[in-house]
Amino acid sequence: RKEVEQDPGPFNVPEGATVAFNCTYSNSASQSFFWYRQDCRKEPKLLMSVYSSGNEDGRFTAQLNRASQYISLLIRDSKLSDSATYLCVVNIEGYSTLTFGKGTMLLVSP
Amino acid sequence: ETGVTQTPRHLVMGMTNKKSLKCEQHLGHNAMYWYKQSAKKPLELMFVYSLEERVENNSVPSRFSPECPNSSHLFLHLHTLQPEDSALYLCASSHLYRQATPEAFFGQGTRLTVV
């Protein structure tokens, strides 16, 4: 079983739509959770950390469900510029190295 | 402007060549990483340096040789590579190894093609 699993997509949505991605992780010792965004042929960039209580940053909302071991990212009012690959990332307790999912591709069309 | 700078951005090398990738971070971090990203694969961690000491080496072939002379610089020395080593090589840095909030910041990567 892969450590971090994501639906690769692509998710094709029109501008203004709401879209949600899920990610599951296998190691229950996972402690820190992040969403990164990676544009085509560019480096990954931190989008937001995911906190146990859930957190929101503008149009983006992240949720963590430790019991079911999944993380979600909700994007409201999608913009063309949101088109990218979204990487789910976890950190296992006691280790600083991050485990990356394969990413979910989002394509927002006019 | 990125706090992590990689050079070169693009590199084409023959299988008998020797080349080096360079990474420099200006964020005051003391852990640095090399990742490999091949097409349609997740990021693969290659090496981790914490306080200039290598702390992880994920079964990377010896044709890849890292060097970390100080906490701001990281090199990846390449020799006798294979075509399957063609990939995007990403450098990243973060705060002290084993810290609770280890989010990493990436350089723009070196796109390597081995011919």
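Residue numbers (the numbering used here), protein chains in the order written: chain A, 1 to 110; chain B, 111 to 225. Where is the CB? At the ideal position from N, CA and C, for every residue including glycine. Model, not experiment: these values are computed from the prediction.
Separation of residue j from residue i, as counted between CA atoms
{"i": "Tyr-145 of chain B", "j": "Ser-30 of chain A", "result": "20 Å"}
{"i": "His-205 of chain B", "j": "Tyr-143 of chain B", "result": "11 Å"}
{"i": "Ala-141 of chain B", "j": "Val-108 of chain A", "result": "36 Å"}
{"i": "Val-13 of chain A", "j": "Glu-3 of chain A", "result": "28 Å"}
{"i": "Lys-59 of chain A", "j": "Thr-99 of chain A", "result": "In the sequence as presented, Lys is not what sits at residue 59 of chain A; that position holds Arg. Going by the C-alpha atoms only, they are around 25 Å apart."}
{"i": "Pro-110 of chain A", "j": "His-183 of chain B", "result": "43 Å"}
{"i": "Gln-116 of chain B", "j": "Ala-214 of chain B", "result": "15 Å"}
{"i": "His-139 of chain B", "j": "Pro-118 of chain B", "result": "22 Å"}
{"i": "Leu-198 of chain B", "j": "Leu-137 of chain B", "result": "22 Å"}
{"i": "Arg-169 of chain B", "j": "Met-156 of chain B", "result": "Going by the sequence as given, residue 169 of chain B is Ser instead of Arg. One C-alpha to the other measures close to 8 Å."}
{"i": "Arg-221 of chain B", "j": "Ser-203 of chain B", "result": "19 Å"}
{"i": "Phe-11 of chain A", "j": "Thr-104 of chain A", "result": "8 Å"}
Segment limits, beta strand (DSSP E) that includes residue i
{"i": "Thr-99 of chain A", "result": "98 to 100"}
{"i": "Ser-204 of chain B", "result": "197 to 204"}
{"i": "Pro-8 of chain A", "result": "Where Pro-8 of chain A is concerned, there is no enclosing beta strand (DSSP E), given that its DSSP letter is neither H nor E."}
{"i": "Cys-133 of chain B", "result": "128 to 135"}
{"i": "Val-63 of chain A", "result": "Contrary to the premise, residue 63 of chain A reads as Gln rather than Val in this sequence. Run containing Gln-63 of chain A: 60 to 65, per the beta strand (DSSP E) assignment."}
{"i": "Val-26 of chain A", "result": "At residue 26 of chain A the sequence reads Ser, which differs from the Val that was named. Per DSSP, Ser-26 of chain A belongs to no beta strand (DSSP E) and is neither H nor E."}
{"i": "Glu-56 of chain A", "result": "55 to 57"}
{"i": "Val-170 of chain B", "result": "Note, Val-170 of chain B: premise wrong, no beta strand (DSSP E); not H, not E."}
{"i": "Tyr-51 of chain A", "result": "Counting along the chain, Tyr-51 of chain A falls outside any beta strand (DSSP E), and DSSP gives it neither H nor E."}
{"i": "His-139 of chain B", "result": "First-last for His-139 of chain B: undefined, no H or E at that position."}
{"i": "Ala-84 of chain A", "result": "84 to 92"}
{"i": "Glu-154 of chain B", "result": "154 to 160"}
Counterpart residues of residue i in DSSP-defined beta bridges
{"i": "Val-108 of chain A", "result": "A:Val-13"}
{"i": "Ala-20 of chain A", "result": "A:Leu-74"}
C-beta neighbour in chain B for residue i, strict 8 Å
{"i": "Glu-56 of chain A", "result": "no"}
{"i": "Ser-68 of chain A", "result": "no"}
{"i": "Thr-97 of chain A", "result": "yes"}
C-beta neighbour in chain A for residue i, strict 8 Å
{"i": "Gln-135 of chain B", "result": "no"}
{"i": "Val-224 of chain B", "result": "no"}
{"i": "Glu-166 of chain B", "result": "yes"}
{"i": "Glu-194 of chain B", "result": "no"}
{"i": "Gly-138 of chain B", "result": "no"}
{"i": "Val-170 of chain B", "result": "no"}
Proximity to residue i [Cα-Cα], best of the options
{"i": "Pro-179 of chain B", "options": "B:Thr-190, B:Val-114 and B:Lys-132", "result": "B:Lys-132"}
{"i": "Ser-175 of chain B", "options": "B:Gly-138, B:Leu-222 and B:Ser-130", "result": "B:Ser-130"}
{"i": "Gln-6 of chain A", "options": "A:Ile-71, A:Glu-56, A:Asn-91 and A:Ser-83", "result": "A:Ile-71"}
{"i": "Asp-39 of chain A", "options": "A:Asn-65, A:Ile-92 and A:Asp-82", "result": "A:Asp-82"}
{"i": "Lys-128 of chain B", "options": "B:Ser-172, B:Gly-113, B:Ser-148 and B:Glu-162", "result": "B:Ser-172"}
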